[in-house]
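Worksheet: one structure, shown below.
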Amino acid sequence: MRLQHGKLKIQYGQTGLGNFVNDARGLNLSTWDTSRIVRRHVPQGGNQSTLLHSQKSDALLISEGLDADALNILIYNGIQDRFRQQCKQFRQRSTAISSNTRSSKESEANRIREDVKRGELLLTEVFHQALVDAVIKKFSTFTHDFFPCPSTLDSAITDIPAGTRSSTFTVDPSLHPTGNEQERDLVRSIGIELRRKVHSEKINNRHFKDRKERICIASNVLRNSPDMPKGARESFIDVILHEDMSHVKETLKSISKGNFSRERPKGSVNVLWDKLSDVLADLDPRTFGKTLKEADADYISDAQLPMELSDDKMPGILEKFVEETRTAALDHFRSYLTKQTRALVHLALHTQTDQCLLQVQREAAIHEEEQITELWRAFIHEIDDFSQTGGDTKTLPITDIHLWPKGIFPGPCL
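Note that the sequence shown covers residues 0 to 413 in numbering that gives the first Met the number 0.
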């Protein structure tokens, strides 16, 4: 305990203070009255071994600057016996504030979850339109940084009934990021999840793979043989698009090596060879030799193919075949993305729900702290007023309270 310029500073530790009190008479303490120091015993096993409080006749002037820890030390180790009723009421009110805050927080959290649950069906439709349709329309950029722009989501979300929107959450906008920031974070997280789910970009369908390979070969034949007569070109492309692919590839390999003549090679298919024999004279082996290598279907992903096939310069001879293939690819990805919609909606709702719940917790903590602070202030004023009701009293301003480490106590400072 320190007495400095008439102000009481309580420095309370687990050991050492009792001996200091017992030996106080041997010290020169003429400036203060040792009778105002009372040693109290705490049962063995407790975390305090001494207690210090003022005489019942002293008037107290407790600083409002004391923190919660200091005030708790003051209550439980200093003024509780003297102001038992006031301390009891303070504890009850403090407990009530915490209980009410907890109940309010839980109620608001449940309301948020119910709002989100009610809006799930409509949000599923919104995300289906914003995600699937936009991805299909702009497939070429989808695998990089593409994702529906915020304005798309804005226009869609404004159609959600008021009872199902997150705008119904009663949160203080000054305490959390702006709507645009939250929207960007949400769009970014959903975009990452969406790209992760379709990262393979493959269509595991034999029919599609066959059509893709035929288109790649036919396109390269046309590109590498620009001078081929129209009739020969159309016949050649027709063979590539419609005949048995294994036979077509074997025949094309022979042609690419320059191993072709007017006579049908051993092992070739009669019908196929008959169709090709009419155009052999128009083939240039110097340019045709690289066709199969360039036409490797693996050089272009299934996800990129629909955009490649949308080229306005696509030859008319391939137009119908290409359109059917492109439609099949887009239908596949649309179906796949539609299946992922529910998972994406759950992700979006989970993200938004977590953000709202965190905001509820932050606001509840701030509100509780404000109430507790006001309660402390009222309690301090009440104790000060009650302590000064006597006649001849001495005023003890309490400005600071410390809890010293075990075994360490600095002793009196005059």
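For glycine and all other residues, C-beta sits at the position ideal for the given N, C-alpha and C. Quick caveat: nothing in here was measured; it's all calculated off a predicted structure.
Between the C-alpha atoms of residue i and residue j, what's the straight-line distance to the nearest angstrom?
i    : j    : result
T398 : I61  : 6 Å
R92  : D114 : 32 Å
I214 : L343 : 34 Å
A67  : L356 : 27 Å
E318 : G118 : 44 Å
Q351 : E105 : 17 Å
K393 : A58  : 6 Å
K252 : L275 : 13 Å
T33  : Q358 : Any reading at T33 must be qualified, since the residue scores a pLDDT of 28, below 50, and its modelled position is unreliable; the value itself is stated next. Spanning the two alpha carbons is a distance of roughly 53 Å.
H4   : P396 : Here the model assigns H4 a pLDDT of 32, short of 50, so the residue's position is not dependable, and the following value carries that caveat. So the alpha carbons of these two residues sit roughly 10 Å apart.
E242 : R112 : 59 Å
G315 : I216 : 16 Å
D330 : A129 : 17 Å
V278 : L240 : 16 Å
L122 : P228 : 56 Å
L348 : K116 : 9 Å
L73  : Q79  : 8 Å
R222 : E124 : 44 Å
F332 : Q360 : 41 Å
Please classify residue i: does DSSP put it in a helix, a strand, or coil?
i    : result
I397 : strand
I61  : strand
N27  : Bear in mind that a pLDDT of 27 at N27, under 50, signals an unreliable position, so the number given afterwards is only what the model happens to contain. Here N27 sits in coil by DSSP.
V125 : helix
Q370 : helix
D226 : coil
Q91  : helix
V278 : coil
I382 : helix
I96  : helix
S106 : helix
P42  : Residue confidence for P42 is low, a pLDDT of 35 falling below 50, so the modelled location carries little weight and cannot support an answer.
Q303 : coil
I202 : coil
G118 : coil
Decide if residue i is buried, meaning its Cβ has at least 16 other Cβ atoms within 10 Å, or exposed.
i    : result
R232 : buried
K211 : buried
N219 : buried
T250 : buried
L120 : exposed
N76  : buried
A328 : buried
A364 : exposed
S97  : exposed
Q354 : buried
E107 : buried
D301 : buried
S245 : exposed
S386 : buried
A95  : exposed
S334 : exposed
I400 : buried
A377 : exposed
Within the present structure, is the beta-carbon of residue i separated from the nearest heavy atom of the ligand GTP by less than 8 Å?
i    : result
D237 : This structure lacks the ligand GTP; in fact it carries no ligand of any kind.
Check whether the region 321-332 and the region 93-106 are in contact - that is, three or more C-beta pairs closer than 8 Å.
Contact fails: fewer than three Cβ-Cβ distances are below 8 Å.
Margin query: Under 8 Å, with one C-beta from each stretch per pair, do the region 368-382 and the region 70-88 reach the 3-pair mark?
Written below: The region 368-382, when compared against the region 70-88, does touch it at the 8 Å Cβ threshold.
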